Amino acid sequence: MQPKTKAVLYNFVAFMLIFLAFRLTIGYVLKLNTLWLALISAVIASILAPKFAVVEEGGKKKVMMSSIFTKDHKEV
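Under this note's numbering, the very last position in the sequence shown is 104; numbers go up by exactly one each time.
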């Protein structure tokens, strides 16, 4: 699998897991309209989800991850 495909897949999976966790949690605590519930969960997930990108170092492509909780970038 190409590194760019892995990065896109990792971005989607990370966003999806955080989105579902917040949607179910907020939906259990607050009784909101489903549209507002989805919008609030999407904003929170887009902020908290780690970001994956492809970086080329020394002629080799690597998938790197950055998050708001870590200062440095980590190789996946």
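Where is the CB? At the ideal position from N, CA and C, for every residue including glycine. Treat the numbers as computed from the prediction; the structure is a model and nothing was measured.
Cβ of A73 within 7 Å of Cβ of F43? On the sequence shown, residue 73 is found 45 positions in, with the first residue counted as 1. On the sequence shown, residue 43 is found 15 positions in, with the first residue counted as 1. Their beta carbons are under 7 Å apart, which means A73 touches F43 by this criterion.
Who pairs with V57 in a beta bridge, going by DSSP? Here the question's residue 57 lines up with position 29 in the sequence shown. DSSP lists no partner for V57.
DSSP three-state label for F35, please. As a first step, residue 35 must be located in the sequence shown, where it is residue number 7. According to the sequence provided, residue 35 is Ala. The question's Phe does not apply to it. Three-state DSSP puts A35 in a helix.
Range covered by the alpha helix (DSSP H) that runs through S95: Your numbering for residue 95 matches position 67 in the sequence shown. Here S95 belongs to no alpha helix (DSSP H), and DSSP marks it neither H nor E.
Decide yes or no for the touch test of the region 83 to 94 against the region 58 to 71: beta carbon pairs closer than 8 Å, at least 3 of them. no
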